[in-house]
Amino acid sequence: MEHESQLARLGLFDARVPRYTSYPPATQFKPGIGPAEVEAWQAAIPAGSAISLYMHVPFCRRLCWFCACRTQGTQSDDPVRVYAETLLAELELLKSRLAPGVRLSRLHWGGGTPTMMPPDVMRRVAAAVFDAFPLAEGAEFSVEIDPNEIDDTRMDALAEAGLTRASIGVQDFDPEIQATIGREQSFEVTAKAVEMLRARGIASINADILFGLPHQDNRRIAESVQQLLALSPDRVALYGYAHVPWMAKRQVLIPTEALPSPEARLALFNTARDLFMADGYAEIGIDHFARPDDGLAKAQAAGLMRRNFQGYTDDQADVLVGIGASSISRYPQGIAQNAPATGAHVKAIRDGRLSVTRGHAFTAEDHWRARMIEALMCDFRIDAGEMSRRFGMGDEALKALFAPITARFGEMVQLDADGSLAIPVRARPLTRMIARMLDAYEMEKSGHSPAI
């Protein structure tokens, strides 16, 4: 209890801070970054580079009430087929802008529900991607799979296309919780999807589970985690549910009185965390767990883990290109986001132009602040030697930056003899709050999720 009281005094249970999947966070993206800027950034990618490609499919058969992603519902495949034609055109547009020999280190299909695409569409899109950008050695091709929206024919299409990793959203297996968040997905349906994947030789499986959901308590989350462990995923993301109905209108359907308190959220996280650790998973960053032989665990052990818009990754590519409505790209020069509205995005691509509507051009200061924040989020440590080598930052500059952090958080952070800043294990729930102190941009709390 004393530890919890200390976290409370430091403001953990009241704070709302960015998730820092980018720096600056998406709330700082502004108009002024458009097709012209992005075309120049794409032209600067060297021939033969390995890049990451993210493809967004915004459609869902049903809209889950908890979800804050850019999605739209449809019961028909017709809009999906029309949208797929836009993806093919966008791929051709991208191919025409990049130097020869560009390959993919990672390909990820997200959404929405990518598995809503009919099998023939999946095959066409995958073939177009690999025709434009072959996979590099050791590359991964991953897809977000909705167990309610997958069958043998679509699974066969994904396997034939070369799927290497699947990501399955679980959220929670408790029927009352599922009904309250508008996401009914039984354990049996989820287990069947896992069985289908493994039967086709797709051994790498990720799963997402949420804490902080309505009606969730320690018993219920423990039961859901134990059911998930029975499926033996290689990697698990344990995300905190962010209740932001002013941003995600469908969340008004979720009763706020059923949500756990911030203190209860921490207990839910710790309950799940303890179960994953007891089952042999390595703790990865602030909210992931992985088998020791998983690529993410190996990357963390080697100090090579990164953070991007999909969360933690072992991908080392400097460029992430997002295609599809609302997709976000990251280049060495800055960040760009496509038009969020599907109609606006489709029109732009049909007109032969990118649909980029906002973003951010990096400053020199952004680069070193981004690296510091990423280092805290990934390794819980800012290495003074690295900051000196990469950015020419001397001891006095680092001391000046770290002084407000040590003054605010005291023994919850430590300064090593070489001038590096580290977050001890007991203070890791504060990581995003500590990272916020290195963020130079103004922030409206309402635009971000709870610190726990």
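Per this note's numbering, residue 6 is the first one in the sequence shown, and the count goes up by one each step. The beta-carbon is built from N, C-alpha and C at its ideal position, and this holds for glycine as well.
When the Cα atoms are used, Leu420 and Pro429 turn out to be separated by approximately 11 angstroms.
DSSP places Val107 in the coil class of the three-state scheme, outside both helix and strand.
In this structure, Gly106 lies away from Glu149, with their beta-carbon atoms at least 7 angstroms apart.
Taking all protein chains in view, the Cβ of Ser27 is crowded by 16 or more other Cβ atoms within 10 Å, so the residue is classified as buried. Per the coordinates, the alpha-carbon of Val351 lies some 19 angstroms from the alpha-carbon of Pro36.
Secondary structure within the stretch 259-315: the beta strand (DSSP E) runs of 3 or more consecutive residues, fully enclosed, are 287-289, 293-295, 311-313 (chain order). The stretch 370-378 makes no contact with the stretch 114-129, as fewer than three CB pairs between them are under 8 angstroms. In the structure shown, Gly397 adopts coil according to DSSP, grouped into three states. Three or more beta-carbon pairs drawn from the stretch 350-366 and the stretch 325-340 are found closer than 8 angstroms, and the two stretches are therefore classed as touching. Relative to the Cα of Ser237, the nearest Cα in the group Pro219, Ala253, Ile210, Ala227 belongs to Ile210. Looking at the DSSP output, Pro455 sits in a beta bridge with Arg21. According to the DSSP secondary-structure assignment, Phe146 is paired through a beta bridge with Leu112. The closest CA to that of Ile291, considering only Ala132, Pro434, Arg67, Ala272, is found on Pro434. For Met60, the enclosing beta strand (DSSP E) covers residues 55-62.
One alpha carbon belongs to Leu280, the other to Ala227, and they sit about 8 angstroms apart. Contact between Met438 and Ala20 is confirmed by a C-beta separation of about 5 angstroms, below the 8 angstroms threshold. With a contact defined as Cβ atoms closer than 8 angstroms, Ala277 and Val326 miss out at about 34 angstroms.
Taking a cut-off of 8 angstroms on C-beta distances, the stretch 121-140 touches the stretch 153-170, as three or more cross pairs fall below it.
For Val241, the closest C-alpha among the options Cys74, Pro297, Pro30, Ala408 is that of Pro297. Note that the stretch 257-273 does not touch the stretch 309-329; fewer than 3 beta-carbon pairs, one per stretch, sit closer than 8 angstroms. Residue state for Cys383 is assigned as helix, using DSSP reduced to three classes.
Rounded to the nearest whole angstrom, the CA to CA distance from Gln305 to Asp83 is 43 angstroms. Between the stretch 196-215 and the stretch 161-168 there are three or more C-beta pairs closer than 8 angstroms, enough to call the two in contact. Contact check for Tyr25 against Met382 passes: the beta carbons are separated by less than 7 angstroms. Where Ile333 is concerned, there is no enclosing alpha helix (DSSP H), although the beta strand (DSSP E) around it starts and stops at 333-336.
Nearest Cα to Gln47 within the set Asp423, Ser101, Ala353, Arg75: Ser101. Membership of Leu325 in the beta strand (DSSP E) is indicated by the continuous run 325-328.
Counted as a single uninterrupted DSSP element, the beta strand (DSSP E) harbouring Ala171 occupies residues 170-176.
Residue state for Ser27 is assigned as coil, using DSSP reduced to three classes. Counted as a single uninterrupted DSSP element, the alpha helix (DSSP H) harbouring Gly348 occupies residues 347-355. Pairing Val62 with Pro152 gives a Cβ-Cβ distance that is not under 7 angstroms. Of all alpha-carbon atoms in Ser332, Leu406, Gly390, Gly397, the one lying nearest the alpha-carbon of Ala31 is that of Ser332.
Here Pro51 is exposed, its C-beta having fewer than 16 other C-beta atoms within 10 Å.
With fewer than 16 other Cβ atoms inside 10 Å of its own Cβ, Gly78 counts as exposed. Annotation for His365: no alpha helix (DSSP H) segment contains it, though the beta strand (DSSP E) segment containing it runs 361-366. Distance check between Pro29 and each of Ile378, Asp239, Ala427 places Ile378 closest, using alpha-carbon atoms only.
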